[in-house]
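Asker: Letter by letter, the sequence shown follows residues 21 to 719 of our numbering. Structure incoming, see below.
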Amino acid sequence: MEKKNKETLPWWKQNGIIMAGGWHPITGRLRAGNQPDNVEEEYDWEYTEAHILRLKELGIKLLVSQFDRGLGDTDQAEDQERARLQAELCHKHGLRHGTYLANTVYFESMLKDYPECEDWAVVTHDGRKVHYGGEQTWRWVACFNSPGWRERMRRQVERAVNYVKTDFLHFDNLAVWPEPDSCHCRYCQEAFRKFLYRRYPDPASQKRRFGYPGFETFRAPNFYLRFGGPWDLDQVRNPLMQEWILFRCWTVTDYIREMSEYAHSLNPAICMESNGQSVWGVNQAILHGIDQEAQSAHVDVVCEENPDYRPDDDPRAIPKVTHKFRGMNFYRRLGKSVYTAYGDEETLAFNLTFAGNPGINQHWGYAEPGRRPLNPAQPGVAELLAHYRRHTALYTPVRSAARIGLWRSKLSLAFISTGTYLSACVLEQTLFNHRIPFSIISDGHVNGEKLKEFDLLILPDSQYVSQAQAAALIEFVKKGGSLLITENSGLYNDEGRRRTSPVFGPLFAGDWKAGSSRSSETWSFDPHQQFITLGEAGQPARALFGRGRAAYLPKLEYVYRPRTFKSRYNVHYDGIDSRYWKEPYNAAEVLETIQWLAPDSRPVTVYGNPELRLDYLAWPDGRLGAALLRCGPLAGTAEIALGVMSASKPAEGECLIPERKEPRPLTWVGRSDGYWETRLPEIGRHAVIRWRIVQKKKG
Numbered sequence: 021m022e023k024k025n026k027e028t029l030p031w032w033k034q035n036g037i038i039m040a041g042g043w044h045p046i047t048g049r050l051r052a053g054n055q056p057d058n059v060e061e062e063y064d065w066e067y068t069e070a071h072i073l074r075l076k077e078l079g080i081k082l083l084v085s086q087f088d089r090g091l092g093d094t095d096q097a098e099d100q101e102r103a104r105l106q107a108e109l110c111h112k113h114g115l116r117h118g119t120y121l122a123n124t125v126y127f128e129s130m131l132k133d134y135p136e137c138e139d140w141a142v143v144t145h146d147g148r149k150v151h152y153g154g155e156q157t158w159r160w161v162a163c164f165n166s167p168g169w170r171e172r173m174r175r176q177v178e179r180a181v182n183y184v185k186t187d188f189l190h191f192d193n194l195a196v197w198p199e200p201d202s203c204h205c206r207y208c209q210e211a212f213r214k215f216l217y218r219r220y221p222d223p224a225s226q227k228r229r230f231g232y233p234g235f236e237t238f239r240a241p242n243f244y245l246r247f248g249g250p251w252d253l254d255q256v257r258n259p260l261m262q263e264w265i266l267f268r269c270w271t272v273t274d275y276i277r278e279m280s281e282y283a284h285s286l287n288p289a290i291c292m293e294s295n296g297q298s299v300w301g302v303n304q305a306i307l308h309g310i311d312q313e314a315q316s317a318h319v320d321v322v323c324e325e326n327p328d329y330r331p332d333d334d335p336r337a338i339p340k341v342t343h344k345f346r347g348m349n350f351y352r353r354l355g356k357s358v359y360t361a362y363g364d365e366e367t368l369a370f371n372l373t374f375a376g377n378p379g380i381n382q383h384w385g386y387a388e389p390g391r392r393p394l395n396p397a398q399p400g401v402a403e404l405l406a407h408y409r410r411h412t413a414l415y416t417p418v419r420s421a422a423r424i425g426l427w428r429s430k431l432s433l434a435f436i437s438t439g440t441y442l443s444a445c446v447l448e449q450t451l452f453n454h455r456i457p458f459s460i461i462s463d464g465h466v467n468g469e470k471l472k473e474f475d476l477l478i479l480p481d482s483q484y485v486s487q488a489q490a491a492a493l494i495e496f497v498k499k500g501g502s503l504l505i506t507e508n509s510g511l512y513n514d515e516g517r518r519r520t521s522p523v524f525g526p527l528f529a530g531d532w533k534a535g536s537s538r539s540s541e542t543w544s545f546d547p548h549q550q551f552i553t554l555g556e557a558g559q560p561a562r563a564l565f566g567r568g569r570a571a572y573l574p575k576l577e578y579v580y581r582p583r584t585f586k587s588r589y590n591v592h593y594d595g596i597d598s599r600y601w602k603e604p605y606n607a608a609e610v611l612e613t614i615q616w617l618a619p620d621s622r623p624v625t626v627y628g629n630p631e632l633r634l635d636y637l638a639w640p641d642g643r644l645g646a647a648l649l650r651c652g653p654l655a656g657t658a659e660i661a662l663g664v665m666s667a668s669k670p671a672e673g674e675c676l677i678p679e680r681k682e683p684r685p686l687t688w689v690g691r692s693d694g695y696w697e698t699r700l701p702e703i704g705r706h707a708v709i710r711w712r713i714v715q716k717k718k719g
């Protein structure tokens, strides 16, 4: 079974992603400044056979090289030839090779070969070019709707695949720039009008959305507001602004789709990777046009560079190592590979537990490695990597076995920058802390067929719910599923209109009252908004409906309200960073409600060991199990008591740890509460536990 499965997996799942980097060309390093006086010598060493042999010795399987930083063809030719020769060396010694594509324009260089490149760059509402950020005044941000830019990038993809013979395309900056620096060029204006016509093709739908028909005179909305910036908006209500946010998400998705389809037409085995599509605690739709579900459909691997962590001396603060779990959780459900960096044994063990890939060791270099691969591994890292290489097949083909889904509603997260994010992050953290297996999902799972994967679905203040989505959720409950609705979920339909009656009312008998809100003019010179939203909490409720159950929690008692802290995402934007991820004061009520809705919400449980986090997994061979991580400083190994909920005794149980080459068999003892308990001795930082449930034959 394992051999057959390995043969059908793509190479990045056969090998796992054990990666090294070196994607800044010498030009990028020199222009950034503050380089050592031997930078050229260090750079040259990265392209030697000695470097490749050292990476092989360290167990590296993939090297991602510089390739396209956005220079003109003439100035970039020498470094692209370096990339080709490096790819030859990688393939000679059994490594895969990757190329980096930046999606930016070094205009001083590009203008020499392509004077028309000004037509490829973002142009803001007031006619400015947008620079990359910081001191990088020599880099323009590219417009993804510019035909010239897309054609230029297709040429780069063709050269990477056919000339360099690369195996892996690392597309960086797969995002549009934050408002108010969005592109308003003629290509974006025309594409936006076409987007509106696709969504509202007839005069009746146009008039219903905007008050009058026709889009010929429409222009992209300006987010450079008179009294404040877009970062001051807790909720976007303007229909045209809402559509513009969705259009920017579509722009990024369509660009990724075109590049991916073209790359795979040249080489079906190419691996397409994106950076920017992970799950953050800030409104990525407004900031960067991110629609994780739609965009990940066109990529194979996602790079995780989550910026949510903030220093926090609160005793309730999260273990720092865990702050990236959301993206890993989301993409594991979708079957996508995720990698990120690690700097020590704990972060590497976290990557193995929740992503199934080691990723890239910062100790051996990242974008500018020089001779850092000559460094020895950090304490514990070599043992974990050796364990991973022995058991790669236990990590890469797994899927989530969780039967609880937490729905991150696309429209709610695109139009609401605070409330829905706070609810989602706090509920996710509560489940994660209490080791209740769950999957973060998006709209693609909210339909009749996909909902069959779950026993319980949670709506975290999901205010924008379409009639079709509501109908699917009600039918889900009727057929035996459970639904937890919180706060103002379902308040708006997908047109942005406030409902006059609760959309989930059919689930609850009598005169159940849901959360509600209304807009009121401030009648003052408020510097940020003309209108305020006045909300009113609903009444808690539980109900049996059909064969299922539903519950409504009108309020989560948050430790911190939005805008308590300055998050400074992209300098100005606030979000729900890691300081907000505290369990609510009514966490016991939340957990008790989940237990009522889904009595088997903990199919695997750990007794004690509060430092431990886990992910509940399923393997292609039918086995179930869990990957375990112990967080924080450890005072040696621990014996862990683990329970599995099952009507029959688990079979073929085994425990795999880095400290032992062979798996340790497990013994099980039945408990009166429906669990089978086993003892896991000598668990250090990480372990994988597996078992098989054999169904009892009827009769």
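From the three backbone atoms N, C-alpha and C, an ideal C-beta is built for every residue, glycine too. Just so it is clear, the structure is predicted and the values come from calculations on it, not from any experiment.
At what residue ranges does the region 185-236 contain a whole run of the alpha helix (DSSP H), taking only runs of 4 or more?
Answerer: Runs of the alpha helix (DSSP H) inside the region 185-236: 206-219 and 223-230.
Asker: Would you mind sorting T373 into buried or exposed? The rule is 16 or more other CB atoms within 10 Å of its CB.
Answerer: buried
Asker: Using 8 Å as the threshold, is the C-beta distance between F164 and Y232 below it?
Answerer: no
Asker: Which ranges would you report for the alpha helix (DSSP H) in the region 563-631 if only whole runs of at least 4 residues count?
Answerer: 607-617
Asker: Going by beta carbon distance, what residues of the same chain come within less than 6 Å of T367, once the five residues before and after it are set aside?
Answerer: V341
Asker: In the DSSP assignment, what are the bridge partners of A707?
Answerer: L648
Asker: Would you mind stating whether E325 and N349 have Cβ atoms separated by less than 8 Å?
Answerer: no
Asker: Using a Cβ distance threshold of 8 Å, determine whether the region 152-159 contacts the region 214-234, with at least three qualifying pairs required.
Answerer: no
Asker: Return the first residue and the last residue of the alpha helix (DSSP H) that E313 is part of.
Answerer: Q312 to S316
Asker: Would you call P288 buried or exposed, if buried means 16 or more other Cβ atoms sit within 10 Å of its Cβ?
Answerer: exposed
Asker: Kindly provide the ranges of any alpha helix (DSSP H) runs that are 4 or more residues long and lie completely inside the region 24-59, ordered along the chain.
Answerer: 31-35 and 46-52
Asker: Where does A503 sit, in a helix, a strand or coil, going by DSSP?
Answerer: It should be pointed out that residue 503 corresponds to Leu in this sequence rather than to Ala. Note: L503 maps to strand in three-state DSSP.
Asker: Which residues does DSSP list as the beta-bridge partners of Y183?
Answerer: In the DSSP assignment, Y183 is bridged to no other residue.
Asker: Quick one: residues in its chain with C-beta nearer than 7 Å to the C-beta of V418, no 5 flanking neighbours on either side, listed in chain order?
Answerer: G376, L637, A638 and W639
Asker: For my contact list, L632 and L649 are in at a C-beta cut-off of 8 Å; report their separation, rounded to the angstrom.
Answerer: 7 Å
Asker: Quick test of your reading: V322 and G301, contact by CB under 8 Å. State the CB separation rounded to the nearest angstrom.
Answerer: Actually they do not touch by this definition, with Cβ atoms about 17 Å apart.
Asker: Count the other CB atoms, across all protein chains shown, that sit within 10 Å of the CB of Y605; report buried if there are 16 or more and exposed otherwise.
Answerer: exposed
Asker: If you draw a straight line from the C-alpha of F545 to the C-alpha of R583, how long is it?
Answerer: Its pLDDT being 47, under 50, F545 is placed unreliably by the model, and the measurement read from it follows with that caveat. Computed Cα separation, rounded: 21 Å.
Asker: Return the first residue and the last residue of the beta strand (DSSP E) that S294 is part of.
Answerer: S294: member of the beta strand (DSSP E) spanning C291 to N295, first to last residue.
Asker: Leaving out five residues before and five after I505 in sequence, what residues of the same chain have Cβ atoms less than 6 Å from its Cβ?
Answerer: L479, F524 and Y572
Asker: State the Cα-Cα distance for the pair G53 and Q483, rounded to the nearest angstrom.
Answerer: 47 Å
Asker: Please report the distance separating the alpha-carbon of I713 from that of N182.
Answerer: 48 Å
Asker: For R633, name the three-state secondary structure that DSSP assigns.
Answerer: strand
Asker: Quick one: what does DSSP say Q382 is sitting in, helix, strand or coil?
Answerer: helix
Asker: Which value, in whole angstroms, describes the spacing of the CA atoms of P30 and R622?
Answerer: When only Cα atoms are considered, P30 and R622 end up about 33 Å apart.
Asker: May I ask you to list the residues that DSSP assigns as paired with H117?
Answerer: Under DSSP, H117 shares a beta bridge with L83.
Asker: Taking the alpha-carbon positions, what's the T450 to A608 distance?
Answerer: Distance between the alpha carbons of T450 and A608: 10 Å.
Asker: Take A361 and list the residues in its own chain whose beta-carbon comes closer than 7 Å to its own, dropping the five residues that flank it on each side.
Answerer: G379, I380, Q382 and Y386
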